[in-house]
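Peer 1: Could you have a look at this structure, given as structure tokens, before my questions?
Protein chains in written order, with the working numbering: chain V, -19 to 157; chain E, 346 to 684.
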């Protein structure tokens, strides 16, 4: 026995009724409905965020430009120049040259310190692996994303630049937002 | 002596010249602001602000753009027909500006002891003059598309020819209803005939037909098949850049203004105010401008709302719905007026 779809058959309406009066009425009626819809958008007002003046707040976990940290009490650098961040970096943009601390000039809390610490931000992919790799939480990802510059060499951030208290140019989302 | 176009009020020649310059200067001063108005309003319709960076509220945007356009290199495709290629935009803008002369901004007023009609010229064949100019303005589009020597421009201008001619018929027929009711062809006469009731009420059908046909006549959405950017790159002005392009752009806006003014004059009582309010004479032009702004806003509103029609839909709508409706409207009006 052939398959009988029964009540599952739906009548397909390929086009609205074709007569002039109904078409005209439909054209004007639907036009008015559309105009109501667009006018409602005007009433709602613009949703644009006026970027340079007004910024979308970022989430706390947002990965922006790196920061190097010091101990708050002693003022010593947390980085001990172990180069684990450089090893973890998939873009190979971190360069660390370590040196021994001496009793006269003590720079970091550990045995050694980073004499050179450079991040080439034009290569960095902001994956945050350096932050994970760091055993002393010396490097973390900040929230700043406005880092464009005119020359490539200006994008190589040195240790002093990364240690400096950054200008917080990015608003942070508050809890529950 | 019979005249073909009797002017209903004669003024000294120097007043004519002053009026012509004044109308031209004011319209071309307002035109750039109108482009900003369109873009800002269109932005609001799409949840955004539109231009707001150059100058206060972005009002200097057209100035920046005109400077940019004027500094562009003048070039033309090697396949183009030089003379016609340069003539076409000029033709387009000249006919558009010619239409401005007809807009009645007010009646005859006594200014500093001289009687001055607040219009460019009041000919006894007003609407025919506008249609004649509209007929010539097709050449601007047609020649521009053909002389560019580009397939897409040519397609655009072919569409323009078919679309503009078919919709001009309906527009004209819708207008005849008003002319029969007013029993005059002078635009100031038509306004004065509307002292009792504005014609958009007795001529509602004619008004709607006129408005729809006007959208097609000015190449505005949803009838902008002529410049359908998605299919034809830009239609007839694809190959134009710099100042000739601005000429086409301004011609479109001037045409919009003329059509808005015509609609305001023929159906919305020109400079008259409802409820028997009779303001002093100097208010008249502002009333006309306010009514024009209503239509301008409508043009933009429709552009933000409706998608472009398919070409066969456009044609069948024009010939199968609009034209019979306009004819019917004309017949019914004629029977009522005569009976």
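Think of the CB as a built atom: it goes at the ideal place given N, C-alpha and C, for glycine as much as any other residue. This structure is a prediction, so every number in the text was calculated from the model and none was measured.
Out of E:528, E:536, E:524, E:567, point me to the one whose CA is closest to residue 551 of chain E's CA.
Peer 2: Counted from its first residue, the second chain places residue 551 of chain E at position 206. Cα-wise, what sits closest to residue 551 of chain E is E:524.
Peer 1: Residues of chain E with CB under 9 Å from residue 21 of chain V, in chain order?
Peer 2: Here residue 21 of chain V refers to the residue found at position 41 of the first chain. Those within 9 Å of residue 21 of chain V in chain E are 389, 390, 391, 392, 649.
Peer 1: Have a look at residue 413 of chain E and residue 382 of chain E and give me their C-alpha separation to the nearest angstrom.
Peer 2: As a working note, residue 413 of chain E is residue 68 in the second chain. As a working note, residue 382 of chain E is residue 37 in the second chain. Taking the straight line from one Cα to the other gives about 20 Å.
Peer 1: What does residue 26 of chain V reach in chain E if we use C-beta pairs closer than 8 Å?
Peer 2: Reading the first chain from its first residue, position 46 is the one you call residue 26 of chain V. The contacting residues are 388, 389, 392, 393, 394.
Peer 1: CB-CB under 6 Å to residue 26 of chain V, same chain, minus the five flanking residues each way: which ones, in chain order?
Peer 2: Translated into the one-based positions of the first chain, residue 26 of chain V becomes position 46. So the list is empty, once near-sequence residues are dropped.
Peer 1: Only counting the same chain, and skipping five residues up and downstream in sequence, which positions put a Cβ closer than 7 Å to that of residue 123 of chain V?
Peer 2: The residue labelled residue 123 of chain V in the question sits at position 143 within the first chain. Around residue 123 of chain V: 38, 42, 44, 150, 152.
Peer 1: For residue 609 of chain E, which option in E:634, E:594, E:596, E:592 has the closest C-alpha, if you only look at C-alpha atoms?
Peer 2: In the second chain, the residue the question calls residue 609 of chain E occupies position 264. It is E:634 whose Cα lies nearest to the Cα of residue 609 of chain E.
Peer 1: What are the uninterrupted segments assigned as alpha helix (DSSP H) that are 4 or more residues long and contained completely in the region 21 to 91 of chain V, given in chain order?
Peer 2: The qualifying runs are 64 to 68.
Peer 1: Taking residue 368 of chain E and residue 439 of chain E to be in contact with their CB atoms under 8 Å, please state how far apart those CB atoms are, rounded to whole angstroms.
Peer 2: Position 23 of the second chain, counted from the start, is the residue given in the question as residue 368 of chain E. Position 94 of the second chain, counted from the start, is the residue given in the question as residue 439 of chain E. Not confirmed; about 15 Å, so no contact.
Peer 1: Using a Cβ-Cβ cut-off of less than 8 Å, list which residues of the region 634 to 647 of chain E approach chain V; keep chain order.
Peer 2: The residues in question are 646, 647.
Peer 1: Look at residue 504 of chain E and residue 577 of chain E and say whether their C-beta atoms are less than 9 Å apart.
Peer 2: Locating residue 504 of chain E in the second chain gives position 159, counting from the first residue. Locating residue 577 of chain E in the second chain gives position 232, counting from the first residue. Going by C-beta atoms, residue 504 of chain E is nearer than 9 Å to residue 577 of chain E.
Peer 1: Tell me residue 152 of chain V's beta-bridge partners as DSSP assigns them.
Peer 2: Translated into positions along the first chain, residue 152 of chain V becomes position 172. Residue 152 of chain V pairs with V:38.
Peer 1: From what residue to what residue does the beta strand (DSSP E) around residue 463 of chain E run?
Peer 2: In the second chain, residue 463 of chain E corresponds to position 118, counting from 1. Its beta strand (DSSP E) spans residues 459 to 464.
Peer 1: From this set, E:526, E:502, E:531, E:493, which residue's C-alpha is nearest residue 468 of chain E's C-alpha?
Peer 2: Indexing the second chain from 1 puts residue 468 of chain E at position 123. Closest by alpha carbon: E:531.
Peer 1: Within 10 Å of its beta-carbon, does residue 46 of chain V have 16 or more other beta-carbons around it, so buried, or fewer, so exposed?
Peer 2: Taking the first residue of the first chain as 1, we reach residue 46 of chain V at position 66. Looking at its Cβ environment, which holds 16 or more other Cβ atoms inside 10 Å, residue 46 of chain V is buried.
Peer 1: Let's see if you can read the secondary structure: which residues bound the beta strand (DSSP E) around residue 121 of chain V?
Peer 2: Residue 121 of chain V sits at position 141 when you count from the first residue of the first chain. 119 to 121 is the extent of the beta strand (DSSP E) around residue 121 of chain V.
Peer 1: Determine the chain E residues that contact residue 15 of chain V at a beta-carbon separation under 8 Å, and present them in chain order.
Peer 2: One-based indexing of the first chain puts residue 15 of chain V at position 35. Result: 646, 647, 650.
Peer 1: Using a 10 Å radius around the Cβ and a threshold of 16 neighbouring Cβ atoms, would you call residue 137 of chain V buried or exposed?
Peer 2: Counting from 1 along the first chain, the entry for residue 137 of chain V is found at position 157. Per the 10 Å Cβ criterion, buried.
Peer 1: Does the beta carbon of residue 4 of chain V come closer than 9 Å to any beta carbon on chain E?
Peer 2: Working through the first chain from its first residue, we reach residue 4 of chain V at position 24. For residue 4 of chain V, the answer is yes, since a Cβ of chain E falls inside 9 Å of its Cβ.
Peer 1: Please identify the residue among V:3, V:4, V:16, V:68 whose C-alpha is closest to the C-alpha of residue 108 of chain V.
Peer 2: In the first chain, the residue the question calls residue 108 of chain V occupies position 128. The shortest Cα separation from residue 108 of chain V among V:3, V:4, V:16, V:68 belongs to V:68.
Peer 1: Hey, is residue 11 of chain V's beta-carbon within less than 9 Å of any beta-carbon in chain E?
Peer 2: Counting from 1 along the first chain, the entry for residue 11 of chain V is found at position 31. With 9 Å as the cut-off, residue 11 of chain V counts as an interface residue toward chain E.
Peer 1: Span of the beta strand (DSSP E) holding residue 455 of chain E?
Peer 2: The sequence position of residue 455 of chain E within the second chain is 110, counting from 1. Looking at the DSSP string, the run of the beta strand (DSSP E) that includes residue 455 of chain E is 449 to 456.
Peer 1: Which residues in the same chain as residue 475 of chain E place their Cβ atom closer than 8 Å to its Cβ, once the five residues preceding and following it in sequence are excluded?
Peer 2: The sequence position of residue 475 of chain E within the second chain is 130, counting from 1. Correct list, in chain order: 444, 447, 603, 607.
Peer 1: Classify residue 136 of chain V as helix, strand or coil using the three-state DSSP reduction.
Peer 2: Position 156 of the first chain, counted from the first residue, corresponds to residue 136 of chain V. Correct three-state label for residue 136 of chain V: strand.
Peer 1: Does the beta-carbon of residue 346 of chain E have 16 or more other beta-carbons within 10 angstroms, so that it is buried, or is it exposed?
Peer 2: Along the second chain, one-based indexing puts residue 346 of chain E at 1. Since pLDDT at residue 346 of chain E reaches only 37, below the 50 mark, its modelled position is unreliable, and the value read off the structure follows with that caveat. Label assigned to residue 346 of chain E: exposed.
Peer 1: Let me check understanding here. Comparing Cα to Cα, which of E:621, E:639, E:622, E:567 lies closest to residue 7 of chain V?
Peer 2: Numbered from 1 along the first chain, position 27 holds the residue referred to as residue 7 of chain V. Minimum Cα distance to residue 7 of chain V is reached at E:567.
Peer 1: For residue 663 of chain E, which of E:559, E:422, E:487 has the nearest alpha-carbon?
Peer 2: The residue you call residue 663 of chain E lines up with position 318 of the second chain. Out of E:559, E:422, E:487, E:559 has the C-alpha closest to the C-alpha of residue 663 of chain E.
Peer 1: Along chain E, in chain order, which residues have C-beta atoms closer than 8 Å to that of residue 18 of chain V?
Peer 2: Counting from 1 along the first chain, the entry for residue 18 of chain V is found at position 38. Going along chain E in sequence order, the residues near residue 18 of chain V (Cβ under 8 Å) are 390, 646, 649, 650.
Peer 1: How should residue 502 of chain E be labelled, buried or exposed, when 16 other C-beta atoms within 10 angstroms of its C-beta is the threshold for buried?
Peer 2: In the second chain, the residue the question calls residue 502 of chain E occupies position 157. Flag for residue 502 of chain E reads buried.
Peer 1: Report the neighbours of residue 666 of chain E on chain V: residues whose CB is nearer than 9 Å to its CB, in chain order.
Peer 2: In the second chain, the residue the question calls residue 666 of chain E occupies position 321. Per Cβ cutoff of 9 Å: 0, 3, 4, 7.
Peer 1: Sort E:649, E:526, E:613, E:627 by Cα distance to residue 678 of chain E and report the nearest one.
Peer 2: Position 333 of the second chain holds residue 678 of chain E. Of the listed residues, the one whose Cα sits closest to residue 678 of chain E is E:526.
Peer 1: Out of V:144, V:81, V:99, which has the shortest C-alpha to C-alpha gap to residue 93 of chain V?
Peer 2: By 1-based counting over the first chain, the position of residue 93 of chain V is 113. Measuring from the Cα of residue 93 of chain V, the nearest candidate turns out to be V:81.
Peer 1: Taking DSSP as the reference, what is the three-state secondary structure of residue 99 of chain V?
Peer 2: In the first chain, residue 99 of chain V corresponds to position 119, counting from 1. The answer is strand: DSSP assigns residue 99 of chain V an E or B state.
Peer 1: May I have the straight-line CA-CA distance separating residue 426 of chain E from residue 493 of chain E, to the nearest angstrom?
Peer 2: Here the question's residue 426 of chain E lines up with position 81 in the second chain. Here the question's residue 493 of chain E lines up with position 148 in the second chain. Their Cα atoms are separated by approximately 7 Å.
Peer 1: For a quick check, are the C-beta atoms of residue 299 of chain E and residue 670 of chain E less than 9 Å apart?
Peer 2: An answer regarding residue 299 of chain E cannot be provided, because it is not within the stretch 346 to 684 covered by chain E.
Peer 1: Would you call residue 10 of chain V buried or exposed, if buried means 16 or more other Cβ atoms sit within 10 Å of its Cβ?
Peer 2: Within the first chain, numbered from 1, the residue matching residue 10 of chain V stands at position 30. By the neighbour-count rule (16 or more Cβ atoms within 10 Å), residue 10 of chain V is not buried but exposed.
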